[in-house]
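Working notes, structure below.
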Amino acid sequence: MQPLLNVDSALAKILADMKTLPAETVSLPEAHNRVIAEDIVSPIDLPPFHNSAMDGYAIHYEDSVDADPANPVTLSVAMDILAGSAPAARLEPGQAARIMTGAPVPAGATAVIPVEDTDDDWSKDENSPLPASARLHRPLAPGENIRRAGENIAAGATVMAAGAVIGPAEIGMLAGIGCRRVDVIRQPKVAILSSGDELVDIYDDLTPGKIRDTNGYTLAGLIRQAGGIPIRLPIAKDTLDSIRALYRRALEINPDLLISTAGVSVGAADLVKGVMNELGDIDFWRINMRPGKPLAYGTIQGLPFFGLPGNPVSTMVTFEVLVKPALAKIAGRPFKQQTVKAIAAGALKSDGRRSYNRVILSQENGRIMAGTTGIQSSGALMSMVKADGLAIIPEGTTDVPPGSELDVILLRELDW
Ligand code: AMP
Ligand code: MG
Numbered sequence: 030m031q032p033l034l035n036v037d038s039a040l041a042k043i044l045a046d047m048k049t050l051p052a053e054t055v056s057l058p059e060a061h062n063r064v065i066a067e068d069i070v071s072p073i074d075l076p077p078f079h080n081s082a083m084d085g086y087a088i089h090y091e092d093s094v095d096a097d098p099a100n101p102v103t104l105s106v107a108m109d110i111l112a113g114s115a116p117a118a119r120l121e122p123g124q125a126a127r128i129m130t131g132a133p134v135p136a137g138a139t140a141v142i143p144v145e146d147t148d149d150d151w152s153k154d155e156n157s158p159l160p161a162s163a164r165l166h167r168p169l170a171p172g173e174n175i176r177r178a179g180e181n182i183a184a185g186a187t188v189m190a191a192g193a194v195i196g197p198a199e200i201g202m203l204a205g206i207g208c209r210r211v212d213v214i215r216q217p218k219v220a221i222l223s224s225g226d227e228l229v230d231i232y233d234d235l236t237p238g239k240i241r242d243t244n245g246y247t248l249a250g251l252i253r254q255a256g257g258i259p260i261r262l263p264i265a266k267d268t269l270d271s272i273r274a275l276y277r278r279a280l281e282i283n284p285d286l287l288i289s290t291a292g293v294s295v296g297a298a299d300l301v302k303g304v305m306n307e308l309g310d311i312d313f314w315r316i317n318m319r320p321g322k323p324l325a326y327g328t329i330q331g332l333p334f335f336g337l338p339g340n341p342v343s344t345m346v347t348f349e350v351l352v353k354p355a356l357a358k359i360a361g362r363p364f365k366q367q368t369v370k371a372i373a374a375g376a377l378k379s380d381g382r383r384s385y386n387r388v389i390l391s392q393e394n395g396r397i398m399a400g401t402t403g404i405q406s407s408g409a410l411m412s413m414v415k416a417d418g419l420a421i422i423p424e425g426t427t428d429v430p431p432g433s434e435l436d437v438i439l440l441r442e443l444d445w
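Each number in our numbering corresponds to the 1-based position in the sequence shown with 29 added.
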C-alpha cells in the first residue's frame, strides 16, 4: 500500500498546477461579485465639484466670526441653489446662498451653516419661499460642511486593484466614475459527475437498494459559493462504458475543472480510476485525512480533474480542504481559509489521521466552544447541515480531552 500523503503536501501540489483564467468583458451590473482583472483608475474627481454637506446657507466664513445666539449676524440671501443646479453667480462677502445637501457651493463661499443654526425652519412649508435675509447663530470654521471636489477619490487615483472582488461598495464606486463595462476574470465552469448504480435523482422513484444523489447538489452549491458555474451531468452507472461515455460528455462541455464523486475507493465497482487513467494522467492518492482518504487527482487532456470520495461528508470536506483553494486560484479570487480557535466542549476522537470533526460553535465567557454535531459518520450529511465548522484534530492525535484548544475551519457566518 502507498503511504498516506500529508494534506498540506497534497494541497501544495494541486495549487502549483492550477492556472488563473483569462479575463472577459462584462457590463457593470453583471460585474457584481466578480474578480476585477485590471486596475481601475478614476478619470474624474469625485465628488466632481465642491458641494454642501447640509441644508443651510453658503457664506464667506469670515462673515460669521462674531455670531452667537444672543447676537446673530444677518446676511442678505442672494441666491437659492438646489441639488442638481449650477450656481450662476459668485457669492460676495455679506451675502448668503440658500443651499441644499449635494448642491454645488457657489464660487467665493467658504463654509455652509446648517439651517438649524439659523432663524429659519423650512420644514414647516413645502415650498418655503426664499427669505430676504438669514440670521446666523454661530461662527463657522473655514471649509465647514463643504465636501471638497475629489475628497472621495481624486482623478488619477486607483479605485480598485486587479484581483479584488467587486462588492456592493466597489460596484457603486465604479458607477460613480461612469464605468460601463469592466474586465473580470472568467468564471470557472465546473463539470460534476456522480457515479454509482445505487444513485437516483430527485425525480426518480426510490426503489429498494437505491439512494438519491446528494453529491451532485452539494457540489453545485459549493462551486457556486466559490464563484464557479456548476454543470451537472447525468449519473454514471458502475460500468466502464457508462463512466467512459459520461467522462467524454464532460470533456465536450469544455469545462475548466472536472469533479466526479465515488468510485475511487477499493470496492469491486470502483471503476472511475480505471477510466480516468485510460483517458488522462491521474494520480491516486491516499491522503492522511478523515474523512476523505481516497482521492484521485490529475489532468485529462489538460483539464484538471478531481475524483472525490463518494461519501457525502467526505465529498464536502475534501472539497473544502483541497478543491476550494484550487477553484479560488482558477477563478483568480483572493483566498484564505477562515479559521477560529475554539475550545473542545467535550472529548473528541480520531484515528490518528488529520481529522475534520463537524462542530457547533457557541460563546461562553468570551471563549468560543466547539461541541460535536453528534454522529461523525462520513455518510451522515446532517452532520454538515448542523455544523458551523470543521474542528481540525492534528495527525497523530487520537484523543482530544475536553478543554483542548483546536483550530476550526468556519463553514458559515456565525450569527452571534
Ligand atoms: P463509493 O466511493 O462508490 O464506494 O461510495 C461510497 C459511499 O458513498 C457509498 O455509501 C455510496 O452509496 C455513497 N455515495 C456515492 N456517491 C454518492 C452520491 N452522489 N450521493 C450520495 N451518496 C453517494
Ligand atoms: Mg460506488
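The beta carbon of each residue, even a glycine, is placed where N, CA and C say it ideally should be.
The structure presented is a predicted model; accordingly, all values stated were derived computationally and were not measured.
Our contact map puts L410 next to L440 with C-beta atoms below 8 Å; I'd like the distance itself, whole angstroms only.
Taking the sequence shown and counting its residues from 1, one reaches residue 410 at position 381. Taking the sequence shown and counting its residues from 1, one reaches residue 440 at position 411. That pair is no contact at about 13 Å.
- Message: Can you tell me whether D242 is buried or exposed? The criterion is at least 16 other CB atoms within 10 Å of its CB, across all chains shown.
- Response: Position 213 of the sequence shown, counted from the start, is the residue given in the question as residue 242. D242 should be labelled buried.
Review point. Buried or exposed: where does N100 fall if 16 or more other Cβ atoms within 10 Å of its Cβ makes it buried?
Key: Walking along the sequence shown from the start, residue 100 turns up at place 71. Flag for N100 reads exposed.
Practice item. Check whether the region 139 to 153 touches the region 161 to 180, taking contact to mean three or more Cβ pairs, one atom from each stretch, closer than 8 Å. Key: yes
Reduced DSSP secondary structure (H/G/I, E/B, other) of L33:
Position 4 of the sequence shown holds residue 33. DSSP places L33 in coil when its eight states are reduced to three.
| request: List in chain order: all unbroken beta strand (DSSP E) runs of 3+ residues lying wholly within the region 194 to 223. | output: 210 to 214 and 218 to 223
Cβ of D270 versus every heavy atom of the ligand MG: is any distance shorter than 7 Å?
The residue given as residue 270 occupies position 241 in the sequence shown. No, the ligand MG has no heavy atom inside 7 Å of this Cβ.
### Message
For the beta strand (DSSP E) containing K370, name the first residue and the last one.
### Response
Taking the first residue of the sequence shown as 1, we reach residue 370 at position 341. Looking at the DSSP string, the run of the beta strand (DSSP E) that includes K370 is T368 to A373.
**Asked** Taking only runs of the alpha helix (DSSP H) that begin and end inside the region 277 to 331, which ones reach a length of at least 4 residues, in chain order?
**Response** 301 to 308
Would you check if there are 3 or more beta carbon pairs closer than 8 Å linking the region 338 to 345 to the region 365 to 373? no
- [ ] Identify, in the order they occur along the chain, each residue of the same chain with its Cβ nearer than 6 Å to the Cβ of R396, setting aside the five sequence neighbours on each side.
- [x] Taking the sequence shown and counting its residues from 1, one reaches residue 396 at position 367. Result list for R396: I372, in chain order.
Point to revise | Heavy atoms of the ligand MG versus C-beta positions, residues under 5 Å | key: G225 and A291
* Fully enclosed by the region 383 to 427, which alpha helix (DSSP H) runs are 4 residues long or longer? -> 411 to 415
Determine the burial state of Q254: buried for a count of at least 16 other Cβ atoms within 10 Å of its Cβ, exposed for fewer. Within the sequence shown, the letter at position 225 stands for residue 254. Exposed, by the Cβ-count rule.
Exercise. Using a Cβ-Cβ cut-off of 6 Å (strictly less than) and excluding sequence neighbours within five positions of L33, which residues of its own chain qualify?
Worked result: For this step, residue 33 is matched to residue 4 along the sequence shown. Same-chain partners within the cutoff: R315 and N317.
Q) Leaving out five residues before and five after T427 in sequence, what residues of the same chain have Cβ atoms less than 6 Å from its Cβ? A) Taking the sequence shown and counting its residues from 1, the one referred to as residue 427 is at position 398. Closer than 6 Å at Cβ, skipping near neighbours: S379 and G381.
- What is the DSSP secondary structure of G85, reduced to helix, strand or coil? Locating residue 85 in the sequence shown gives position 56, where the first residue counts as 1. Strand, per DSSP.
Item to check | S433, DSSP secondary structure in three states | outcome: Within the sequence shown, numbered from 1, the residue matching residue 433 stands at position 404. Coil, per DSSP.
* Does the distance from the CB of L57 to the CB of V211 come in under 8 Å? -> What you label residue 57 is simply residue 28 of the sequence shown in a count that begins at 1. What you label residue 211 is simply residue 182 of the sequence shown in a count that begins at 1. Going by C-beta atoms, L57 is nearer than 8 Å to V211.
query = Grouping DSSP H, G and I as helix and E and B as strand, with all else coil, what is G56?
reply = In the sequence shown, the residue the question calls residue 56 occupies position 27. The sequence shown places Ser at residue 56, not Gly. Residue state, collapsed to three classes: strand.
Legend entry - Assigned exposure category for V70 - 16 Cβ within 10 Å defines buried: Position 41 of the sequence shown, counting from 1, holds the residue named residue 70. It is exposed - the Cβ of V70 has fewer than 16 other Cβ atoms within 10 Å.
Where do the ends of the beta strand (DSSP E) carrying L165 lie? By one-based count along the sequence shown, residue 165 stands at place 136. S162 to L165 is the span of the beta strand (DSSP E), which, as asked, contains L165.
Original post:
Assuming G408 and V342 make a contact with CB atoms under 8 Å, what is their CB distance in whole Å?
Top reply: Locating residue 408 in the sequence shown gives position 379, counting from the first residue. Locating residue 342 in the sequence shown gives position 313, counting from the first residue. Indeed they touch by this definition, with Cβ atoms about 7 Å apart.
Q) Is L159 buried or exposed, if buried means 16 or more other CB atoms sit within 10 Å of its CB? A) Here residue 159 is taken as the residue at index 130 of the sequence shown, counted from 1. Exposed, since its Cβ has fewer than 16 Cβ neighbours within 10 Å.
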